[in-house]
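Top to bottom, those sequences are chains A and B. For the first sequence, position 149 (counting from the first letter as 1) is numbered 149 according to our numbering, and the numbering increases by one without interruption. Counting the second sequence from 1 gives a position; our numbering is that position plus 1000.
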Amino acid sequence: MNLLNQILQGILLGGFYALLACGLSFLFGVMRIINLAHGSLAVLAAYLLMSLINATNWPPFAGLILVLPVMALIGWALQFAVLNRSLRSGPLIPVLSTFGIAVILDNAMFQQYGANTVSLGPDIGDLAYNSWNLTSTLYIGQLDALIFATAVAALGGLQLCLTYTPIGRTIRATAEDPSVVELVGIDARKVYAMAAVISMIFAGLAGAFLGMRSSFAPYAGGPLLIFAFETVVIGGLGSLWGTLVGGIILGVAQNIGAAINPRGFLIAGHLVFLAILILRTFGGGSIFRALRRLGRPA
Amino acid sequence: MSQMSAYRVERWTRQSAVFCALAACLLAVLALGPWIFTASITDHLTTLFIYVILAVMWNALAGYGGLISIGQQAFFGLGAYALIRLSSAGIPLYLAMLIGALLVGLLALPVGQLMLRLRGGEFAVGMWVLAELTHFLVNLDPMIQGETGTSLVALNAFAPAAARADTYWMGLLIMLALLVTVFMLLRGRVGASIQAIRDDEIAAASVGVNVGAGKRVMFILAALGTAAAGALWVTTSISFQPAAYFNIQWTAYMLFMALVGGLGTFEGPIIGAVLFFLIEAWFGATGVVYLIGLGGIALGFSIFVPRGIWGVVETRLGLRFLPVGYRLLALPGEK
C-alpha cells in the first residue's frame, strides 16, 4: 500500500516535471536549441516571486501576474541578445552561450540571495499541506493536484494554440523550415522570440511551483535542468504530451527508488533515463526514428 | 592533373619550424622545473599543466569532434577515484595514475557507443546526467563513504618535496604525451577526417569520411586525458571528496579555456589555459564575482568571438605555429 502511495506521489510529481520540461522541449522543437539556462531561469522566477512577496505582501498567485510578464520579457531579450546571435555561428554555439548564462545566473543569485534555502510554502497557507485522503495510506496533496492540473491545462492550451490559431500555425511552419517561412514574408526571428517567450512563461510557472512545493537555493538550476532534460528525453524530444508521460515515468521511478534506498531517488531517475537511451539505441523502434528526424540539423 | 602539378603541398613552414624549436627550448627549461623553481612555482606550474590537459582534451572533443559535453567531470572524478582505488590496492602511485587513466579510457568505449547516439545539445546534457550518475555510484563505494570522501594515503610514503617534484614531472609528461597524441592524430589520416567533421559534418560524411569513427576516437582520448588530469589533481590536493571532483565547475573551466583560446585550433586551448590560470591567480579570491565574470566572458566570446582568440589571430595574421594543416603553394615557372 505504501508503494502504491509512492507511485501516486510519483505521478503527481510528474506533473511538475512536465511543466518544467515543456518549455525546454518546446524551444528545442522550434529552434533546435537546448537552453542550458532553463533550470536557472526557473529558479530566477522563484526568487523574483519571493522578492515581490517580501516587498508587497501580495499572495503568491497574485505575484505571478507580474512575474510571468517579466519572464516573458526575459525570453524575448534572450532570443534577440543571445540565441539569435549565437545560432548564426553554428548549432553548437548556443549550447556554450546558454551554459554561460546559467553560470552567470546561478552565481548572481548566490551573490544576491545568499546560500540559504528558502521556500514560498509559508506564503500559500493551508494549500501547502492540505490533502485529500483517498484511503488511510493514499493521499493527494492539494498543491500537487493544482500543479498537475496546471501542467495538463498548459500543455492542452499550448497544443490548441499550435493547432488552431494563426500564430500557432506560424510557429509550426517555422519549426519545419525557417528559410521557407521567410520566403512568404514571416520574420523567423520574431517567431523564435515568440517561442522563447512561451518557453520562459512555462519556466516561470514551474519556478513558482518549485518555490511553493519545496525549498530552493541559488544553485538549484542545474538539477532542475537535468530533471527537465530527463523528462524530455524519456517522453520524446519535441513532443508536448510526451513531456507529461516522461515526467510521470521519471517521478514514479524516483519515488520508487527513494523507497528502496535513501539515495535511490536520483539514482533511479538517472538509471531510467539511461535505460530509455539504451532502448532507443539498441531497440530501434519508432521513438528512435522520430528522434533522429528531429535531431537532424535543418 | 596539369593544374594540380602547378602546386605543391607544404606542411612545415619556416614559421612553424622556428616555433617548434622555441617550444622545445621551453620544454627543456620546464623539464628542469623542480631543480630550478621554488616549491610554490613548481606547484603552480603543475596546476597549469592540469589546466592545459583539461583544455586540450575538451577542445579535442568539442573543437575537433564537434561534441560539446557538459559532463566531462565524470571522467575527471573517475580518474581520481581510480587512482585512489588502484593505489590502495598496492599499485605504485604513478603507475596507478597511468593504469587508472587507461581504464577510464577503456570504459569510455562502451559509454561512447551509447552517448554518441545523442546529438548536439542532447549529447551535452546527456553527459551531465552520466556524470551525476557516476558521482552517486562512486558515493556508494564504502571506501569513499558518501560525500565524506577519503584521501590519497599512498602519498604518505613520499617526502613532501619528492612528491611535489614527481607530480610535477608526471604532469609535464602526461601533458606532453597528450599534446603529441593530439598533434599526431591531427596530422595523420584521422586528423584529416576529424578536421573535416569539425568544418562540416554532413559534407564530410558525404565524401566518405567515417564520421562515427572520428568522434569515437576523440571521445575516448578526451575521457582518458581528463581522467589523467583528475588523477594528477588528487595527487596535488591529496583529499578526494566526490562533490568537489564530480563538479560541473570543471566543465565550466574547460569550456572557458577552450572557447576563449579558440575552439578547433591546436594552440588555442593552451593559450586559454594560460589565460585562465592567470585570471584565477588574480581574481580567484573574489569567489562568486570571479565565477560571474568567467560566465560573462564565456557568453561574450560565444556571441561575438566564437572562434576564440587564436581563431581570430590565425585568420587575420595567417599565423600557424604547429604544422597540423596543409598549405598549397603555387610553383613558379610551371604555369
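Note that beta-carbon positions come from the ideal geometry of N, C-alpha and C, so glycine has one too.
Contact set between residue i and chain B, taken where Cβ atoms lie within less than 7 Å
i, result
"Phe80 of chain A", "Those within 7 Å of Phe80 of chain A in chain B number zero; the least Cβ separation is about 11 Å."
"Arg85 of chain A", "Ile1303"
"Gly222 of chain A", "Ile1248"
"Ser89 of chain A", "Pro1306"
"Phe273 of chain A", "Val1129"
9 Å Cβ cut-off: residues of chain B touching residue i
i, result
"Asn116 of chain A", "Going along chain B, no residue has its Cβ under 9 Å from Asn116 of chain A, so there is no contact; the nearest lies around 15 Å."
"Val70 of chain A", "Within 9 Å Cβ-Cβ: nothing; Val70 of chain A doesn't reach chain B, min ~20 Å."
"Arg263 of chain A", "Phe1136, Asn1139, Leu1140 and Gly1146"
"Leu237 of chain A", "Glu1122"
"Ile226 of chain A", "Val1125, Trp1128, Val1129 and Glu1132"
"Phe202 of chain A", "In chain order: nothing, as chain B lies at least about 18 Å away."
CB contact flag (residue i, residue j, <7 Å)
i, j, result
"Ser1087 of chain B", "Ala1096 of chain B", "yes"
"Pro91 of chain A", "Gly1120 of chain B", "yes"
"Ala46 of chain A", "Phe216 of chain A", "yes"
"Ile1309 of chain B", "Gly1230 of chain B", "no"
"Ala1154 of chain B", "Leu1232 of chain B", "no"
"His1135 of chain B", "Phe1246 of chain B", "yes"
"His270 of chain A", "Val1129 of chain B", "yes"
"Leu41 of chain A", "Ala203 of chain A", "yes"
"Pro1306 of chain B", "Ile93 of chain A", "yes"
"Val1015 of chain B", "Thr1251 of chain B", "In the sequence as presented, Val is not what sits at residue 1015 of chain B; that position holds Gln. Not closer than 7 Å, so no."
"Phe1256 of chain B", "Leu1294 of chain B", "yes"
"Gly211 of chain A", "Leu120 of chain A", "yes"
"Arg189 of chain A", "Asn84 of chain A", "yes"
"Glu1147 of chain B", "Ala1281 of chain B", "no"
"Leu1064 of chain B", "Met1218 of chain B", "Per the sequence shown, the amino acid found at residue 1064 of chain B is Tyr instead of Leu. Yes, the pair counts as a contact, with Cβ atoms nearer than the cut-off."
"Cys22 of chain A", "Thr170 of chain A", "no"
Through-space distance from residue j to residue i, alpha-carbon basis
i, j, result
"Gly235 of chain A", "Leu274 of chain A", "13 Å"
"Tyr192 of chain A", "Ile260 of chain A", "44 Å"
"Gly15 of chain A", "Gly1268 of chain B", "45 Å"
"Tyr1290 of chain B", "Thr135 of chain A", "54 Å"
"Ala1258 of chain B", "Ala1273 of chain B", "8 Å"
"Ala1017 of chain B", "Leu1172 of chain B", "22 Å"
"Gln1003 of chain B", "Ser1302 of chain B", "A caution first: Gln1003 of chain B carries a pLDDT of 48, below 50, which makes its placement in the model unreliable, though a value can still be read off. So the two alpha carbons sit approximately 40 Å from each other."
"Ile1292 of chain B", "Val184 of chain A", "42 Å"
"Ala1203 of chain B", "Val233 of chain A", "28 Å"
"Phe209 of chain A", "Phe61 of chain A", "10 Å"
"Glu1201 of chain B", "Thr1315 of chain B", "21 Å"
"Met31 of chain A", "Ala175 of chain A", "7 Å"
"Ala1159 of chain B", "Leu1152 of chain B", "14 Å"
"Ala1223 of chain B", "Val1104 of chain B", "7 Å"
"Asp1166 of chain B", "Thr1235 of chain B", "10 Å"
"Pro297 of chain A", "Phe1123 of chain B", "Since pLDDT at Pro297 of chain A reaches only 46, below the 50 mark, its modelled position is unreliable, and the value read off the structure follows with that caveat. Rounded to the nearest angstrom, the two C-alpha atoms are 14 Å apart."
"Ile1248 of chain B", "Tyr164 of chain A", "42 Å"
"Met1001 of chain B", "Ala1024 of chain B", "In this prediction, Met1001 of chain B has a pLDDT of 43, which is less than 50 and means its spatial position is unreliable; what the coordinates show is noted afterwards. C-alpha separation (whole angstroms): 39 Å."
"Leu1026 of chain B", "Leu87 of chain A", "40 Å"
"Ser286 of chain A", "Ile276 of chain A", "The predicted model places Ser286 of chain A with a pLDDT of 49, which falls under 50 and marks its position as unreliable; any figure quoted below should be read in that light. Taking the straight line joining both Cα atoms gives about 13 Å."
"Gly360 of chain A", "Ile1220 of chain B", "There is no way to answer for residue 360 of chain A, as the model of chain A reaches only from 1 to 298."
"Gln1241 of chain B", "Leu1107 of chain B", "22 Å"
"Gly1225 of chain B", "Leu1061 of chain B", "11 Å"
"Ala1177 of chain B", "Met1115 of chain B", "26 Å"
Listed by chain order, chain A residues near residue i by CB distance under 8 Å
i, result
"Val1312 of chain B", "Ordered by position in chain A, no residue passes the 8 Å Cβ test against Val1312 of chain B, which lies about 13 Å from the chain."
"Gly1066 of chain B", "Leu92"
"Val1211 of chain B", "What Val1211 of chain B touches in chain A: nothing, since even the nearest Cβ is about 13 Å away."
Per-residue contacts from residue i into chain A (C-beta, under 7 Å)
i, result
"Leu1259 of chain B", "Leu96"
"Ala1252 of chain B", "Val103"
"Leu1255 of chain B", "Leu96 and Phe99"
Integer Cβ distance of residue i from residue j, believed to fall under 8 Å
i, j, result
"Tyr1168 of chain B", "Thr1042 of chain B", "5 Å"
"Val43 of chain A", "Gly207 of chain A", "6 Å"
"Val1125 of chain B", "Phe26 of chain A", "That belief does not hold up - the Cβ atoms of Val1125 of chain B and Phe26 of chain A are roughly 16 Å apart, past 8 Å."
"Leu127 of chain A", "Leu143 of chain A", "5 Å"
"Gly1214 of chain B", "Val1190 of chain B", "6 Å"
Within chain B, the residues that residue i reaches when beta carbons sit closer than 8 Å
i, result
"Ile267 of chain A", "Leu1133, Phe1136 and Leu1137"
"Leu216 of chain A", "The amino acid at residue 216 of chain A is misidentified as Leu; the sequence shows Phe. Residues of chain B passing the Cβ test: none, with the nearest at roughly 18 Å."
"Leu41 of chain A", "Per Cβ cutoff of 8 Å: no residues; Leu41 of chain A is ~14 Å from chain B at best."
Residue i: CB within 6 Å of a non-hydrogen atom of the ligand ADP
i, result
"Ala259 of chain A", "Here there are no bound small molecules, and the ligand ADP is not part of this structure."
Chain A residues whose Cβ lies nearer than 9 Å to that of residue i
i, result
"Ala1204 of chain B", "Ordered by position in chain A, no residue passes the 9 Å Cβ test against Ala1204 of chain B, which lies about 13 Å from the chain."
"Leu1185 of chain B", "What Leu1185 of chain B touches in chain A: nothing, since even the nearest Cβ is about 20 Å away."
"Ala1017 of chain B", "Result: empty, since nearest Cβ-Cβ is about 33 Å, beyond 9 Å."
Fill in: Residues, ordered as in the chain, of the region 101-115 of chain A that lie near chain B by beta-carbon distance below 9 Å
Ile101, Ala102, Val103, Ile104, Leu105, Asp106, Asn107, Ala108, Phe110 and Gln111
Practice prompt. Check distances from the C-beta atoms of the region 1127-1153 of chain B to those of chain A and list, in chain order, the residues that come in under 9 Å.
Written response: Trp1128, Val1129, Leu1130, Glu1132, Leu1133, Phe1136, Leu1137, Asn1139, Leu1140 and Gly1146
Item to complete: With 8 Å as the limit, tell me which residues of the region 1283-1296 of chain B have their beta carbon closer than that to any beta carbon of chain A; keep them in chain order.
Response: Val1288, Val1289, Leu1291, Ile1292, Leu1294, Gly1295 and Gly1296
Item to complete: Would you list, in chain order, the members of the region 15-36 of chain A that have their beta-carbon closer than 9 Å to a beta-carbon of chain B?
Response: Phe28, Arg32, Ile33, Ile34, Asn35 and Leu36
Item to complete: Note down, in chain order, all residues in the region 160-180 of chain A with a beta-carbon under 9 Å from any beta-carbon belonging to chain B.
Response: Within the region 160-180 of chain A, not one residue has a Cβ closer than 9 Å to any Cβ of chain B.
Worksheet item: Listed in chain order, which residues of the region 1069-1081 of chain B have Cβ atoms closer than 7 Å to some Cβ of chain A?
Response: Ile1070
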